[in-house]
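Chains A and B, in that order, are what the protein sequence lines are.
Going left to right, the first sequence walks through residues 942 to 1339 as my numbering numbers them.
Going left to right, the second sequence walks through residues 18 to 370 as my numbering numbers them.
Think of the CB as a built atom: it goes at the ideal place given N, C-alpha and C, for glycine as much as any other residue.
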Amino acid sequence: MSQHIYITGLGMISAIGNNVQESLASLSHSKTGIGKINYLTTRYKDDFLAGEIKLSNKELADLVNDHNPELNRNSYIAMLAAKEAVQHSGIDTSDGLRTGIISSTTVAGMGKTEMYYKDLFEKNDHLDVLDTHDCGDSTERIADFLGNVDYVTTISTACSSAANAIMLGCRMIKNGLLDRAIVGGVDALSKFTFNGFNTLMILDKEWCKPFDENRKGLNLGEGAAFLVIESEEALKKRNGKALAEIIGYANANDAYHQTASSPEGYGAQLAIEQALQMSGLKPGDIDYINMHGTGTPNNDLSEGAAVKAVFGAHIPKFSSTKAFTGHTLAASASIEAVISVLSIQNGMIFPNLNFKTPIAELGIVPETTVVKMPVSTVLSNSFGFGGNCSSLIFKKVD
Amino acid sequence: MVKAYINGTGCISSQDTINDQWFFDPVVEPNGDYYNAIEPSYKEFIAPNLLRRMGRAIKMGVASANLAIKQAGATKVDAIITGTGLGCFEDSERFLLAMLNNEEQFLTPTSFIQSTHNTVGSQIALIMKCHDYNFTYVHRGFSFESTLQDALMLFSEGKETVLVGGIEEHTPNFIILNRKAGKFKIFDHHTAFWKPSAKGIQMSEGSTFFVLNKTKTEKSLASVDGIQTLYKPATSDVILQKLYSFLKLHSLLLTDIDVCLMGFSSDIDFDKQLRELLPVIKEETIAAHYKHLSGEYHTASAFALWTATKLIEKQQLPEVLAISNKKPNGIKHVLIINQYLGINYSFTLVSKC
Chain A
942 MSQHIYITGL GMISAIGNNV QESLASLSHS KTGIGKINYL TTRYKDDFLA
992 GEIKLSNKEL ADLVNDHNPE LNRNSYIAML AAKEAVQHSG IDTSDGLRTG
1042 IISSTTVAGM GKTEMYYKDL FEKNDHLDVL DTHDCGDSTE RIADFLGNVD
1092 YVTTISTACS SAANAIMLGC RMIKNGLLDR AIVGGVDALS KFTFNGFNTL
1142 MILDKEWCKP FDENRKGLNL GEGAAFLVIE SEEALKKRNG KALAEIIGYA
1192 NANDAYHQTA SSPEGYGAQL AIEQALQMSG LKPGDIDYIN MHGTGTPNND
1242 LSEGAAVKAV FGAHIPKFSS TKAFTGHTLA ASASIEAVIS VLSIQNGMIF
1292 PNLNFKTPIA ELGIVPETTV VKMPVSTVLS NSFGFGGNCS SLIFKKVD
Chain B
18 MVKAYINGTG CISSQDTIND QWFFDPVVEP NGDYYNAIEP SYKEFIAPNL
68 LRRMGRAIKM GVASANLAIK QAGATKVDAI ITGTGLGCFE DSERFLLAML
118 NNEEQFLTPT SFIQSTHNTV GSQIALIMKC HDYNFTYVHR GFSFESTLQD
168 ALMLFSEGKE TVLVGGIEEH TPNFIILNRK AGKFKIFDHH TAFWKPSAKG
218 IQMSEGSTFF VLNKTKTEKS LASVDGIQTL YKPATSDVIL QKLYSFLKLH
268 SLLLTDIDVC LMGFSSDIDF DKQLRELLPV IKEETIAAHY KHLSGEYHTA
318 SAFALWTATK LIEKQQLPEV LAISNKKPNG IKHVLIINQY LGINYSFTLV
368 SKC
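Here you go:
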């Protein structure tokens, strides 16, 4: 049973780029992907900003090179990111080792369902949305696209979903059930989620300002990101190259409120502490924290309090990268896992854009420009509705 | 190998499963081409202030979890793991229709908040004040299977008590649309359920929870010894080979299985591979089925596990479940072979403890 879990491939598509290289360029040039809404159909198109992938569904279909009319935006971007991760790692799913696909999503096929739902009652077109509405659809599309997959499952724990997919992949490998897994998450923008967050009044009409005293809320984004993770044995067998190691993970529940986090961030504290405990690191060993940092008044205050409680006066360098990508919901934790690995690989901490004034109650200040320094260990936090709190720790490979 | 001891069950289904005395008699027939769950009076389980806002999936989930916890006499659990194919569909649909009908105006957040798939798991965590591990699986016919797989891993990682459950709800519109898409079929009394002549299932819903324990206690009713999922097996022969290896892991032969619960759904296409397996199953063990009672839904395998637990507890195979003519001589091992849409297959091994 492998005790080491190695990351060997990265794939990502979001507002800051259609692949990992483009994403790295945007991150290292402090270039946000959030802007005016161009692709989502909504009456609020001119009132809000969003982190959209800069491709239409037709362009995505061309890129995936699959024009099956059943495919939706969620499936296109999931397939693209998963394919990039697999190609990057160089694994061959037909080599006889056990490969799992563990994905996550919250919106699933809703983006297409909302376009045709009323028509379904009156006409006989588009009834296929009934088969592609659910969360399992995009996962099985990835599985069929890659082929030779031994295990598939999908997780949905709101905005912490992909962190849990990554964690499950690690656990299945450690428990000897898989040799490697393609883990991550996907959420395309939909009118449904946009309006949902709007009714909660947690959308900022301007660029989101994580950890700023005057933050007003989040900007929604969309994206998909997948990582290939492998056991030590699987990696050795094919002479593969590790990009980083996953040395800690934990899942806890805030059990405070369906949508709000507790003021002291109790669930978040538990997740961070337990992940640290598993990694064997002390708080002082963490070089960088990629925060959940959505930019909502509640999240940032609660997360900041949790980080202060765990790290005391010595808070590591930290930033939220959501002002680059927008909040990509189920995909956010895997997008931020990719960003964390890029930090380690490139010796760079990516900035917390749009920050000016520290939150009065916390007084903590994120990095606001690109910092070049060796990064060996990264903590990444993800929290979601329903009190779901997950933390992951990545480490440079010696 | 680590096992999961079932210390409590709670089942809301299309049958009278909330009644502790019910043992597959009398049985309810579907409402034509679909089943509704028989729901309890929720006031016994849920505080009125919470009940008012909850959708049906949440109510069914919380109540059946409550039944399982009560039976197990558990005061706390170390993890809450739920599985659901469509989640809180009623709330999702309510928000969707309000948004479409009012052109994105005058919306309120309640149904959006409750539309997230992890709502049932998080509501149970809130009620139990459980800060531990909380996961929701949403993968079609693997949603409940994933919860069992996870629980077994948690036990090998040191957790002691885990609550798992599978929840599904349908809505009138969901039935109308799926019927229109040709997915349903009127329940046919004259043809054996496992020998259908046409496409179509009887859509259903329900919620089934289990309190699982790492160690056996005096409350233990049965044990889940293993679970395996198979995605799109190419042929029934592949399924059979995988089944033999699965049983071998547990040092068993198919002939050691006393009852095999098979997930026939009465759809001629979806059931094809199970139909091909049936002669072998009948030859080597005793074949039985359950979806003629539970109807078909993403987490119907949770109803199957509830059924397996009951068979072991009562040491009887009721006539209404049997496919084979043989009667079991004691029930030590029950094997569940579930299928969903002929795509998601699973094996669950349940044993007397």
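query	result
Would Y985 of chain A and A1002 of chain A qualify as a contact pair, given that the criterion is a beta-carbon distance under 8 Å?	no
Out of B:K87, B:F172 and B:T188, which one is the CA nearest neighbour of F106 of chain B?	B:T188
According to DSSP, simplified to helix, strand and coil, what is A1191 of chain A?	strand
Going straight from the alpha carbon of C1330 of chain A to that of S1203 of chain A, what length do you get?	12 Å
Is the shortest distance between the beta-carbon of I198 of chain B and the beta-carbons of chain A less than 8 Å?	Reading off the sequence shown, one finds Ala at residue 198 of chain B, where the question assumed Ile. Yes, its Cβ sits closer than 8 Å to a Cβ of chain A.
Quick check: what's the CA-CA separation for G347 of chain B versus G158 of chain B?	30 Å
Do K349 of chain B and K369 of chain B have their C-beta atoms closer together than 8 Å?	yes
With a threshold of 16 other CB atoms inside 10 Å of the CB of G1189 of chain A, please say whether the residue is buried or exposed.	buried
Is M953 of chain A helix, strand or coil when you go by DSSP?	strand
Closer than 8 Å between beta carbons: that is the criterion. Which residues of the stretch 23-41 of chain B meet it against chain A?	none
Which of the three DSSP states is assigned to M1142 of chain A in this structure?	coil
In chain B, which residues lie less than 8 Å from T1080 of chain A when you measure between Cβ atoms?	H156
Taking C-alpha atoms, which residue in A:G1328, A:L1071 and A:E1214 lies nearest to N190 of chain B?	A:L1071
Using a Cβ-Cβ cut-off of 8 Å, state whether K1132 of chain A counts as contacting chain B.	yes
Any beta carbon from chain A within less than 8 Å of I244 of chain B's own beta carbon?	no
Starting from C147 of chain B, find everything on chain A with Cβ-Cβ shorter than 9 Å and list it in chain order.	N1194 and A1196
To the nearest angstrom, report how far apart G1327 of chain A and W1148 of chain A are at their CA atoms.	26 Å
Grab me the residues of Y1058 of chain A's own chain with a C-beta within less than 8 Å of its C-beta, minus the 5 sequence neighbours each way, in chain order.	V1070
Are the C-beta atoms of G138 of chain B and some chain A residue less than 8 Å apart?	yes
In its own chain, which residues sit with a C-beta less than 7 Å from the C-beta of A82 of chain B, not counting the 5 before and 5 after it?	G27, I141, L180, G182 and F226
State the Cα-Cα distance for the pair G240 of chain B and T324 of chain B, rounded to the nearest angstrom.	In the sequence as presented, Gly is not what sits at residue 240 of chain B; that position holds Ser. Distance between the alpha carbons of S240 of chain B and T324 of chain B is about 13 Å.
Take E330 of chain B and list the residues in its own chain whose beta-carbon comes closer than 8 Å to its own, dropping the five residues that flank it on each side.	L238 and A239
Between the alpha carbons of A1250 of chain A and I1300 of chain A, how many angstroms are there, rounded?	16 Å
Mark L352 of chain B as exposed unless 16 or more other C-beta atoms lie within 10 angstroms of its C-beta, in which case mark it buried.	buried
Looking at chain A, is there any beta carbon in it that lies within less than 8 Å of the beta carbon of I130 of chain B?	yes
Out of B:E177, B:T365, B:D95 and B:L143, point me to the one whose CA is closest to L67 of chain B's CA.	B:L143
At the level of alpha carbons, what is the spacing between A1185 of chain A and H134 of chain B?	32 Å
Roughly how many whole angstroms lie between the Cα atoms of M942 of chain A and K1115 of chain A?	For M942 of chain A, the predicted structure reports a pLDDT of 46, less than 50, and the residue's modelled location is therefore unreliable. A value from the coordinates is still provided. One C-alpha to the other measures close to 6 Å.
Name the residue from A:P1151, A:A1023 and A:F1167 whose alpha carbon lies nearest to the alpha carbon of N1160 of chain A.	A:P1151
Please check if any C-beta of chain C sits within less than 8 Å of the C-beta of E121 of chain B.	Note that chain C does not occur in the displayed structure, where the protein chains are A and B.
Any beta carbon from chain A within less than 8 Å of A142 of chain B's own beta carbon?	yes
Expressed to the nearest angstrom, what Euclidean distance is found between the alpha-carbon atoms of N230 of chain B and N24 of chain B?	7 Å
Closer than 8 Å, CB to CB, is S224 of chain B near chain A or not?	no
Looking at C-alpha atoms only, which residue of A:I978, A:S997, A:K999 and A:T983 is the closest neighbour of A991 of chain A?	A:I978
Once DSSP output is grouped into helix, strand and coil, what is the label at D242 of chain B?	strand
CB D1075 of chain A to CB A1049 of chain A, shorter than 8 Å?	yes
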